[in-house]
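J.: Sending over a structure as structure tokens; questions will come in a sec.
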Amino acid sequence: MSYKSLKFLILWIPTIVVGLWEYVRHVFLLPYVSMELGNFLAPALVFLFTLTLLRGLFGRLEQTQEALQRERVSKASFQQREQLARELHDGISQSLFLLSVKLDKLERMELGDDARDTTVQIRQTVKHVYEDVRHSIANLQSPAVVVDDSWLTAIHGAVNDLLQNSGIRAKLDWQLQEGVLSNKQLVELQSIIREALMNVRKYAQATEVRVISRQQGDEDFVCEIKDNGIGAEPSQIDAKDRYGIRMMRDRAEQMGWLFDIKSVVGEGTTVRIQSGGEGK
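In the working numbering, the protein residues as written are 939 to 1218.
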């Protein structure tokens, strides 16, 4: 039922009920029901319909309003993501491409060994940054999570998209029920999961990754992304150039979540996001 139909029914049902009651009272019940009793029963009938039929309609109206609000928020978020993706493509992406062209020209010139080595290092850095920008553009252009869609389906899509053709097996153990998190929380959590999976694909040299979630209480949750890759030293995880980790941590902190990374060299890495709880 549409929003306008619900408002129409809520506005007109009390009037129709009173009108029908007055008609029935005067045509059929006037010899049996006194004026005082009839005047008492009229508001009683309206109140009875309010508790039964109108209460359900108000609930439907609130659900419709919430759905419309979520749709507006999702649309605004998607428009912002599209705008940011265009700015990345038109700005940073094109600048990196031009820089790569200039490096090609530089490599064709006669350079010393040190200059040539430096040029190779710069090219590798440009390549990594360009790949990061491309992944960021792809993530921004992908549909954001919508509460009305299946959250589990959205997570499956994120896992499959990022690990496609990588040779990494993905296992999903998702026990977080839909409706536990708000639309904004779902978007932020999916963004963190995407970034964690991207890091697994780029750096972990893993053959398997598991995405695990479970609910704690009515509103709290724990989510873990575990891989069986080469792991990393703490100094590598905390390095200044690990922008993906910093982004995940910032997203989690903005939502008031706990964020932790545990990595053991030769055994893999675990990214943990937790809302509420007693700690990491």
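All C-beta atoms, glycine included, are put in the ideal place defined by N, C-alpha and C.
Does Q1212 come out as helix, strand or coil in the three-state DSSP assignment?
T.: strand
J.: Could you tell me the distance, in whole angstroms, from the CA atom of L947 to the CA atom of I1211?
T.: Taking the straight line from one Cα to the other gives about 45 Å.
J.: Rank M1185, G976 and G1167 by C-alpha distance to the C-alpha of W959 and give the top, closest one.
T.: Ranked by Cα distance from W959, the first of M1185, G976 and G1167 is G976.
J.: Using the Cα positions of Q1059 and K1065, report the straight-line distance between them to the nearest angstrom.
T.: 10 Å
J.: If we call anything under 8 Å between Cβ atoms a contact, is T1207 one with A1142?
T.: yes
J.: When the distance is taken between beta carbons, is H1094 closer than 8 Å to L1114?
T.: no
J.: For L986 and F978, what's the separation of their Cα atoms in angstroms?
T.: 13 Å
J.: Assign T1145 to one of three DSSP states: helix, strand, or coil.
T.: It is coil, neither helix nor strand.
J.: Quick check: what's the CA-CA separation for I1030 versus L1036?
T.: Straight-line spacing of the CA atoms in I1030 and L1036 works out to 10 Å.
J.: CA-CA distance, R1219 and Y941?
T.: Outside the displayed range of the chain (939 to 1218) lies residue 1219, so it cannot be described from this structure.
J.: Restricting to runs no shorter than 4 residues, where is the alpha helix (DSSP H) found entirely within the region 1107 to 1153?
T.: 1121 to 1137
J.: Can you tell which of V1011, D1198, K1040 and L1034 has its C-alpha closest to the C-alpha of Q1123?
T.: V1011
J.: Thinking A1134 and V1209 are a contact (beta carbons under 8 Å), I'd like their distance in whole angstroms, please.
T.: 5 Å
J.: Please return the same chain residues whose Cβ sits closer than 7 Å to the Cβ of I1130, not counting the five positions on each side in sequence.
T.: M1186, R1189, A1190 and I1211
J.: In three-state terms, what does DSSP make of L968?
T.: The answer is coil: DSSP assigns L968 none of H, G, I, E or B.
J.: Short check: CB of S1213 to CB of D1165, under 8 Å?
T.: Result no, Cβ atoms of S1213 and D1165 do not sit closer than 8 Å.
J.: Any idea what DSSP makes of G1206, helix, strand or coil?
T.: strand
J.: Specify the secondary structure class of D1156 as computed by DSSP and reduced to three states.
T.: When DSSP states are grouped into helix, strand and coil, D1156 belongs to the coil group.
J.: Based on Cα-Cα distance, which residue from F966, R1061 and E1126 lies nearest to Q1192?
T.: E1126
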